[in-house]
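The structure appears below as structure tokens.
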């Protein structure tokens with residue numbers, strides 16, 4: 001059973017949506033790519049210093065992004081999470097709903113399965129509606145994207161907004177790109193240089 | 204406000220620790236009230252300790268220093284995020300953990316989980332200090348923060364009931 005609010009949604013593709021996101025990022029926006037295929041596709045869609053690739057910590061893309069958003073309120077921060085990851089940390093939606101950082105955009109790539117471990121179905125395959133959950137947590141600007149163009153429209157709105165937006169998309173089960181270069185200290189260093197919080201001595 | 208929490212606030216300010224993400228408990232209450240009331244800090248509760256760790260790691264990368272406040276039982280839930288985020292990415296995650304489960308504990312579950320805290324910190328290779336005496340408090344907190352930041356390594360400060368218990372507040376130590 002598919003939630004009524006998503007019944008008409010076509011299946012989109014994560015890499016395509018991620019590429020559309022990256023193409024819109026022209027102001028050094030920070031992007032947090034969640035564990036697994038979300039950061040693989042971010043890596044594939046376009047490497048940039050302001051990207052942070054999570055090699056573990058399932059469920060924490062949104063909290064990490066919230067931390068960055070609080071630290072740099074003038075920088076747009078985008079977080080990309082999967083349905084399985086978000087289900088592990090639903091409470092973070094309540095925290096973001098409480099704090100309402102002006103500069104945070106939350107993306108949920110919902111394929112209804114734990115894809116990387118063998119595509120076991122998640123609760124979103126059986127009725128859980130992550131947009132309804134987010135709205136209930138105090139994030140009224142939470143919406144399903146109906147197709148890639150609608151996703152871009154919602155993204156344009158979110159990137160200009162003065163409150164957090166969550167955009168969820170039903171996606172297919174195509175495998176992710178990547179994998180990301182598994183060098184956590186380099187990932188963190190590059191990210192901090194991209195955010196201007198780390199520089200080489202003498203610069 | 205208690206003597207120990209006032210000292211902690213002073214040291215946090217001295218080290219420019221402005222973000223405080225917490226999962227509250229009774230012992231931490233005076234410290235939480237103090238940071239909530241002080242405009243220097245951005246302080247807020249999170250729904251669980253793991254979430255607070257993610258937020259503080261993200262904020263540090265963004266240039267805002269922070270600390271997580273939690274209880275022993277909460278620390279028991281954050282092994283994975285420390286092992287997969289703070290340690291490998293070399294992020295100086297600061298944790299202040301109110302120790303419950305020892306010196307008079309009545310709840311067996313708390314007593315058991317307390318016994319796992321220091322072994323877990325040791326296994327993860329995390330610098331940790333127990334805050335038991337007021338006369339050592341400023342030095343311990345200040346130096347632990349300084350080292351965590353300078354070495355880009357997580358550190359834990361454990362608030363012992365020897366320091367925080369109401370019956371101990373008039374003690375000279």
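Protein chains in written order, with this note's numbering: chain A, 1 to 203; chain B, 204 to 376.
Just so it is clear, CB atoms sit at the ideal spot from N, CA and C, and this is done for glycine as well.
| query | result |
| --- | --- |
| Classify residue 96 of chain A: buried if its beta carbon has 16 or more other beta carbons within 10 angstroms, exposed otherwise. | buried |
| Suppose only complete runs of 3+ residues qualify. What are the beta strand (DSSP E) ranges in the stretch 37 to 110 of chain A, listed by chain order? | 51 to 53, 77 to 82 and 104 to 110 |
| Return the CA-CA distance between residue 108 of chain A and residue 218 of chain B, expressed in angstroms with no decimal places. | 37 Å |
| Closer than 9 Å by beta-carbon distance: list the chain A residues that pair up with residue 325 of chain B, in chain order. | Within 9 Å Cβ-Cβ: nothing; residue 325 of chain B doesn't reach chain A, min ~21 Å. |
| Note down the Cα distance separating residue 235 of chain B from residue 280 of chain B, rounded to an integer number of angstroms. | 21 Å |
| Going by DSSP in three states, residue 335 of chain B sits in which element: helix, strand or coil? | coil |
| Taking 7 Å as the threshold (C-beta atoms), are residue 261 of chain B and residue 68 of chain A in contact? | yes |
| What's the gap between the Cα of residue 64 of chain A and the Cα of residue 32 of chain A? | 8 Å |
| Check the DSSP bridge columns for residue 170 of chain A and list the partner residues they point to. | A:110 |
| Does any residue of chain A have a CB that is nearer than 7 Å to the CB of residue 291 of chain B? | yes |
| Going straight from the alpha carbon of residue 277 of chain B to that of residue 30 of chain A, what length do you get? | 30 Å |
| On the CB-based measure, 16 or more other CB atoms within 10 Å of its CB, does residue 8 of chain A come out buried or exposed? | Because the pLDDT of residue 8 of chain A is 47, which lies under 50, any placement of that residue in the model is unreliable, and the question is left without a value. |
| I'd like to confirm the pairing. Which residues does DSSP put opposite residue 212 of chain B in its beta bridges? | Paired residues: none, contrary to the question. |
| Are the beta-carbon atoms belonging to residue 254 of chain B and residue 273 of chain B less than 7 Å from one another? | no |
| Can you give me the Cβ contacts of residue 20 of chain A inside the same chain, cut-off strictly under 8 Å, excluding the 5 residues immediately before and after it? | 148, 151, 152 and 155 |
| Which two residues bound the contiguous beta strand (DSSP E) that contains residue 299 of chain B? | 297 to 301 |
| Would you report the Cα separation of residue 368 of chain B and residue 333 of chain B, rounded to the nearest angstrom? | 14 Å |
| Distance check for residue 80 of chain A and residue 62 of chain A, CA to CA, integer angstroms please. | 8 Å |
| I believe residue 25 of chain A touches residue 106 of chain A by the beta-carbon criterion, under 8 Å. Please report the beta-carbon distance rounded to the nearest angstrom. | Residue 25 of chain A to residue 106 of chain A, Cβ: 15 Å. No contact. |
| With DSSP as the reference, label residue 8 of chain A as helix, strand or coil. | Its pLDDT being 47, under 50, residue 8 of chain A is placed unreliably in this model, and the coordinates cannot settle the point. |
| Run through the DSSP bridge pairs and tell me what residue 222 of chain B is partnered with. | B:245 and B:269 |
| Taking a cut of 9 Å between CB atoms, which residues from the stretch 237 to 259 of chain B lie near chain A? | 245, 247, 248, 249, 250, 251, 253, 254, 255, 256, 257, 258 and 259 |
| For residue 120 of chain A, is the classification buried or exposed, using 16 other Cβ atoms within 10 angstroms of its Cβ as the cut-off for buried? | exposed |
| So is residue 5 of chain A buried or exposed if we call it buried at 16+ other beta carbons inside 10 Å? | Residue placement at residue 5 of chain A is flagged as unreliable, the pLDDT there being 46, under the threshold of 50; a coordinate-derived value is accordingly withheld. |
| What does residue 33 of chain A pair with, by DSSP beta-bridge criteria? | A:53 and A:80 |
| If we define contact as Cβ-Cβ less than 7 Å, is residue 88 of chain A a contact residue for chain B? | no |
| Indicate whether at least one CB of chain B lies closer than 7 Å to the CB of residue 57 of chain A. | yes |
| Look at the alpha carbon of residue 264 of chain B and the alpha carbon of residue 244 of chain B, and state the distance between them as a whole number of angstroms. | 18 Å |
| Evaluate residue 192 of chain A with the Cβ neighbour count: other Cβ atoms within 10 Å of its Cβ, from every protein chain shown; 16 or more gives buried, anything less gives exposed. | buried |
| Would you say residue 66 of chain A reaches chain B, if we count a Cβ-Cβ gap shorter than 7 Å as a contact? | yes |
| Check the Cβ of residue 98 of chain A against every Cβ in chain B and list those closer than 9 Å, keeping chain order. | 247 and 248 |
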